[in-house]
Amino acid sequence: MHQYNLPKKSLLALLITTMMCHTIQAHADDSLEPKVHLGHETITISRTPQEEVGETIVTRRELNEQMAQNSQDLVRYNTEVDVAEVGRYGNKGFAIRGVDGNRVAMNIDGVALPEVEVNEIFSPYGYQYEGRFNPDLEMMGNVRIATGSDSLLSGSGAVGGSVSYMTKEPVNMVKNGNLGGYAKVGYTTKNEELLTAVGLAGVYDKAEFLLNYAHREGHELKNHDMKRHDKNKLNPIYEFSLDEMPNGTTSLVHPDALAYEQDSVLAKFYYHINDNHRVGLHGMYQEKTNHMNTQSKHTYGSRNGSSTRFAHDKEELKNYGVNYQYLPESSRWLSKLNLDYTKSEVLGLADTWEYYLGFGRSRIDNPELSYREYRPITNDTAQLTLRLDSLSFDWGRLGAHQFYLIGSHAKQDYTSTAHYLNYVDNKFDVDGSFVNFAFPDAKKDIYHLALGDNIYFNDRFKVAVGVRYDNLRYRPYLQGDKVGSRVTSLTEDAKAYGTCVSNNAQSVFCDAYRAGTHNKESKFDHITWNAMLDYQLIEDRLTARYKVGTGFLAPTVSQIYSNFTINANEQVPNYNLTPETSLTHELELEFKPKNELTLTLGGYITKYEDFIHTKYWNSNRNDRVLGCSNHTCLQSNNLDEAEIKGLKFGMKADLSAWSKLDGNLDLTADYHFSKDKALVMTDFNGVKEVNTLAAVPGMFMLGLNYYSPNNDWEIHGKVRYTQAKKSSDAKYLDTRLKYKEDKVYCNSTFYAGFCSYGGFYDYDSTVGDYYKIDRVADGYTEEVKTYDVVNRSKSTLLFDVYGSKKFGKNNNWILNAGIYNITNEKYIPWETLRQFATTSVNSLVDSEGHGFNRYTAPGRNYALSLTYEF
């Protein structure tokens, strides 16, 4: 087994730094910023686009500079955002302003990405796919990250913020002339990923086109030990050593072995009928397959047990459509019209293969492939969007107004299936068995209409306002297709009939099924709005910006209709859920004491209402509580309110003149700190105050950036300080079963001897009989406790250096290199630690804590890429 040699790593770090830090004394007068010359007028194009309050736009250039390969890299230097880990399926999206998962909307080119359908019982083992789809960043032109309520632009889900992916356009790839393209190869050590990508684009008078392809193959994300991938661990006969797995399977000290491949393709074509009319086609395809050893997710497994599990999971996106653009020449009111139709199909497949190794591993040389747990989730969307942008109307003292109107209709079909495939005669055959009760499926109709007005009064005062209406309708159904080829195979409806009618099972779902109301429609509508003000208190020196906005999140299909039951655990549907809502106020002051120095100070407060909270309780078959007849019951309820307050500080200083260096040298600093609380209404003890756990710990970021005078090389240094999560900021509501004790006497001469012999009874000399204390479940207690692994959170100081060098004829070759976590700091990020708070029948680590080591962040790691552009 190979392992990186740390002294060699230190030498490599020195060599790469030396390569990037060659002499910075150059003599050229070229400005850092690119320029466009139009006659006698020179327009300077900013390196970064104009951003609104609470908004970050990550450009294609920044993605290349930082060699961002995934969601974690995308927000690596964002002090307000992190990525919410979810275990087997990577992540469930982003965490912003104290919330994560579905409370942060995600979309590609305006089409929403699927939400996580909650499966509380088997998280993070992953009984079903429960990750968020992550688009390949190599296909993106830019990514917009909005913090705070953002439903005006992003609709349902944007209660805490949103992440909008915008794919590349042909003009992004063409540098000069009519044709442009690139070829790239890259490698990162933190997951041994090899990236190869090619792109070609053309911009002509009548037509534009783009074709981009990327292939990635890699392995598990390393922990601090940075051990290389061992392909033998993906063989069913592999047996972990005691050093690798000291106790049971959950004690595994290194990350689960993984091999993955991903292919991504983006294609666009536009045809200009004339100067006013343009039609286009667009398509994107992405597929990722994972082969993972999932033994560590087997709660009661042993190092040398008789069976082992492997995952063959899959993510797939098919996205294609047509669009039309109209640019009128002589309209009195219309500036631009865009019409877009997009069909999107997203698959998330949880595919677990179980191998039988025999009692005492007697069949270790010939393992038997026993069965396959095949559980796909599909989300199909067909969306039509119309956008109208008006000309600017000058209304004198009332300002110049530019309006926009956006309307869309999306039809979605969500399906979820879970069944077993037995391996018979060298092939998988579906035996028709479901878990008890069917998974919910639903067709959705989603309408929205938004109206906005951007108002320009003068160079010192600008205002933007908008309002949006959303209407959502869910129509649940049970799939009619038979599961499997056998005569005895059942449809979902037939299975539900057998469970609820023939067997008269007792559950909320079966009560509704027998009454014919299990497929009741759910309807939600909501109005959101947004307003922003930008005013220069002191012209060109002091600017105040204020933003207020609202957001909402409609319940998911599984939160409303789920009836999953297994191992004495039952999810109880809730047909009365209402949307979550949020309100954000944010104020920012920007001060420029000198042209070379910009200081920003900001604060925000976001209030959330009707949080959908998973409620737990205990019941039994003789005393159904809220319709649940199993030992552990779970149901989604509108219970919580939450609030998060934050403070931000930023600085950017141009040190070029002070340093007396040619080129540009700038210093940046960002600090963000927040406090959060959630109010939970308990059943017995009133309102309790806890924390959301998703709030990002306080973080300070310091950056030093140098750009050569002719812009052919650059180097960046980043220092990240992250505060440890305090125990006072990690409170949660702990629910425990409460018992009533009864003194029960044997009360029988015949049974007295048995009572004594059984050892369950004590003798009461005052009565002359044997007795025992019966503990009978009598409700449950709800107590605020400190999250028990918060003590593993530590303050960290991380150093990164990355840069690029252009060379060759016309500087067409670009070498990017980076060193991350230079000091080899060992820590577990908070976004990883907080996943341990998920209630689950599957533990993440063993009782002695050995398994925590596999969740440490990568140690010192490197990235390198070489690009040829033309």
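Going left to right, the sequence shown walks through residues -17 to 852 as the working numbering numbers them. Note that CB positions come from ideal geometry on N, CA and C, so glycine has one too. Small disclaimer: the values here were computed from a predicted structure and weren't measured.
Of the candidates Asn258, Glu112, Ser656 and Asp694, Asp694 places its Cα closest to the Cα of Phe789. For the pair Ser709 and Thr768, the CB atoms are nearer than the 7 Å cut-off. Note that the stretch 684 to 698 does not touch the stretch 659 to 668; fewer than 3 beta-carbon pairs, one per stretch, sit closer than 8 Å. Under the three-state reduction of DSSP output, Ala845 falls in the strand class. In this structure the stretch 347 to 356 does not lie against the stretch 305 to 320, because fewer than three pairs of beta carbons, one per stretch, are closer than 8 Å. Sequence-distant Cβ neighbours of Ala494 in its own chain, meaning closer than 6 Å and more than five residues away, are His500.
The alpha carbon of Ser223 has as its nearest neighbour, out of Leu559, Pro152, Thr563 and Ser284, the alpha carbon of Ser284.
About 5 Å separates the beta carbons of Asn301 and Ser326, which is inside the 8 Å limit, making them a contact pair. For Phe491, there is no enclosing beta strand (DSSP E); the residue is found in the alpha helix (DSSP H) stretching over Val490 to Ala497. For the set Gly584, Asn843, Glu34 and Tyr528, the Cα lying nearest the Cα of Arg210 is the one of Asn843. Cβ contact annotation for Gly632 (same chain, cutoff 6 Å, sequence separation greater than five): Thr582 and Asp652, in chain order. By the Cβ neighbour-count rule, Leu380 is exposed, with fewer than 16 other Cβ atoms within 10 Å of its own.
A distance below 6 Å between beta-carbons, with the five flanking residues on each side excluded, links Lys204 to the following residues of its chain, in chain order: Lys172 and Pro840. Around the Cβ of Arg523, a 10 Å sphere holds fewer than 16 other Cβ atoms; the residue is exposed.
Three or more beta-carbon pairs drawn from the stretch 234 to 245 and the stretch 260 to 275 are found closer than 8 Å, and the two stretches are therefore classed as touching. By the CB criterion at 7 Å, Leu366 and His391 fall inside the cutoff. In this structure Phe76 is in contact with Val65, their Cβ atoms being roughly 6 Å apart against a cut-off of 8 Å. In the three-state scheme derived from DSSP, where H, G and I count as helix and E and B as strand, Pro691 is classed as coil. DSSP, reduced to helix, strand and coil, places Trp795 within a strand of the structure shown. Of the candidates Pro422, Lys574, Leu454 and Tyr405, Leu454 places its Cα closest to the Cα of Tyr429.
The Cβ-Cβ distance between Val141 and Ser564 falls below 7 Å. Ile542: member of the alpha helix (DSSP H) spanning Val539 to Tyr543, first to last residue.
For Pro228 against His832, the beta-carbon gap comes to about 5 Å, under 8 Å, which counts as contact.
Rounded to the nearest angstrom, the gap between the Cα atoms of Gln461 and Val125 is 37 Å. The DSSP assignment places complete alpha helix (DSSP H) segments of no fewer than 4 residues inside the stretch 114 to 188 at 133 to 136 and 152 to 155, in order along the chain. Within the same chain, Gly123 and Asn124 come within 6 Å of Met148 by CB-CB distance, once the 5 residues on both sides are set aside. Every beta strand (DSSP E) stretch that sits fully inside the stretch 654 to 698 and reaches 3 residues is listed by chain position as 669 to 672 and 681 to 689. Looking at the backbone, the Cα of Lys754 and that of Val726 are separated by about 5 Å. For Lys393, the uninterrupted beta strand (DSSP E) run begins and ends at Ala382 to Ser398, by DSSP. Here Asp395 really is in contact with Asp362; their C-beta atoms are around 5 Å apart, less than 8 Å. The beta-carbon separation of Pro218 and Phe292, rounded to 7 Å, stays under the 8 Å limit for a contact. Sequence-distant Cβ neighbours of His254 in its own chain, meaning closer than 6 Å and more than five residues away, are Lys188 and Arg260. When the beta-carbon positions are compared, Glu120 and Ala179 come within less than 7 Å of each other.
The stretch 787 to 805 and the stretch 44 to 63 touch, with three or more beta-carbon pairs separated by less than 8 Å. When DSSP states are grouped into helix, strand and coil, His259 belongs to the strand group. In the structure shown, the three-state DSSP call for Thr748 is coil.
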